[in-house]
Structure formats: structure tokens, C-alpha cells
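**Q**
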Amino acid sequence: MFAVLGNHDMDAAAPEAPPHEQAIREALARARIPILDNTHVVLPGGVVLVGMASYRARASDPEAAFGGVPPDAPTLVLVHNPMSLELPGVKPYDVAVAGHTHGGQACLPFTGVCPFAEEDMRRYRAGLYEGDDAPPGGDALYVSRGLGTSQVAARIGARPEIVVLELEPAGERAQPA
């Protein structure tokens with residue numbers, strides 16, 4: 001297990017952010033869950049897992065996170081806010097996983113319009129973005145709607161979700177029987 005921190009964890013300037021970033025860091029350390037603060041690890045099999053710190057806290061540093069990642073390595077990126085992937089210095093990656101948006105949290109039924117979504121939540125609101133729809137430099141991005149809420153403890157038209165992604169090496173996909 002690995003973690004990245006988001007605006008509710010570390011952005012003291014955000015009105016909804018708790019003032020206990022250090023307590024969160026210590027709890028994750030006790031649970032032996034490393035926080036990928038603009039760094040990467042090489043997983044068994046040579047897959048590189050890159051993690052970037054909070055975009056809203058202005059702590060995302062792609063240069064540091066991707067520094068030393070071999071250009072041909074299979075690369076998975078973990079970010080809280082998908083906008084971290086649009087910062088200068090992001091290197092090519094295969095798949096990125098993000099959250100932050102709550103799926104828009106309050107969306108007008110049948111329209112896809114989420115009038116209260118903030119600017120950094122609109123471009124990649126929820127779901128899978130592949131090819132030309134993915135952020136520059138990446139093959140695919142999945143944005144989870146997650147379970148929580150922000151400011152108002154309610155969701156309209158943005159169901160909560162827990163996502164399980166099964167990743168397979170390219171060219172080794174199972175064929176339907």
C-alpha cells in the first residue's frame with residue numbers, strides 16, 4: 001500500500017482542511033503505508049509507482065517525482081488531484097489514478113452539469129480518460145468519485161464509489177472465450 005496526501009490532508013490554506021497533517025502522516029507511518037510525496041518506488045516486476053503531493057497546496061513537484069524514472073519503464077502515477085498531471089515536468093506514464101473531484105458532488109440529473117464543481121474539478125471529473133482524452137503524456141487516467149464530500153455532506157447525481165482496477169501488461173490481455 002502507498003498513499004498520497006490531498007487538500008483535506010495538507011492544505012492548511014483551504015477552509016475545509018484539517019489542521020492535523022502531521023497526525024495523518026504519523027498514522028500512515030504507524031500503519032507502514034509510505035506516502036509518496038513527489039517521489040517514486042520501483043515495484044516488483046519493474047513497474048514504477050510515482051506519487052505527487054497535493055496540487056491545491058502547491059506541493060506537486062513532477063520534476064522530483066519523475067526524477068530518475070527510466071523512460072521505458074511501465075509507470076503508474078498516483079495523485080490526489082488530476083490537475084497535477086498537467087504541470088510542467090510530468091514525464092510519460094501508462095496509467096494515472098486520481099480522486100479529489102467527488103464526481104462533481106452535486107450534478108444536475110441527466111445533464112452532466114455540476115454547477116458547484118471548482119475549476120480544478122471540471123476537466124477530469126470522474127471515470128476513465130484514455131488516448132486524446134487523457135492528460136498530456138499519459139495513456140490513461142482514472143478519476144474516482146470516492147466516498148467523501150466537501151463542505152456540504154451531500155451528493156446529488158454523483159454516486160460515491162470504491163474502485164478496483166485490474167491492470168494487465170500491454171499485449172497480454174485475456175481474450176474472451
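For the sequence shown, position 3 (counting from the first letter as 1) is numbered 3 according to the numbering used here, and the numbering increases by one without interruption. We put the beta carbon where it would ideally sit given N, CA and C, even for glycine.
Within 10 Å of its beta-carbon, does D72 have 16 or more other beta-carbons around it, so buried, or fewer, so exposed?
**A** exposed
**Q** Three-state secondary structure (DSSP) at I35?
**A** The answer is strand: DSSP assigns I35 an E or B state.
**Q** Look at the Cβ atom of A57, then the Cβ atom of I35, and state whether they are nearer than 7 Å.
**A** no
**Q** So, under 8 Å CB-CB, P70 and L87 are touching, yes? Tell me the CB distance rounded to an integer number of Å.
**A** Not quite, the Cβ-Cβ distance comes to about 21 Å (not below 8 Å), so this is no contact.
**Q** How far does the alpha helix (DSSP H) with L141 in it extend, from its first residue to its last?
**A** Counting along the chain, L141 falls outside any alpha helix (DSSP H), though it belongs to the beta strand (DSSP E) covering G138 to V143.
**Q** Which whole-angstrom value is the C-beta distance of F66 and V95, which I expect to be below 8 Å?
**A** Not confirmed; about 15 Å, so no contact.
**Q** Could you name the residues of the same chain whose beta carbon sits closer than 7 Å to that of M1, not counting the 5 residues immediately before and after it, in chain order?
**A** I33
**Q** Taking the alpha helix (DSSP H) that E161 belongs to, which residues open and close that run?
**A** That residue, E161, is in no alpha helix (DSSP H); it is neither H nor E in DSSP.
**Q** Buried or exposed: A98, going by 16 or more other Cβ atoms within 10 Å of its Cβ?
**A** buried
**Q** Return helix, strand or coil for R173, following the three-state DSSP convention.
**A** Note that R173 has pLDDT 46, beneath the 50 cutoff, so the model's placement of it is unreliable and no number is given.
**Q** Would you identify the three-state DSSP class for E130, choosing helix, strand or coil?
**A** strand
**Q** Beta strand (DSSP E) containing L76: first to last residue?
**A** T75 to L78
**Q** Can you tell me the Cα-Cα spacing of N38 and F110, whole angstroms?
**A** 38 Å
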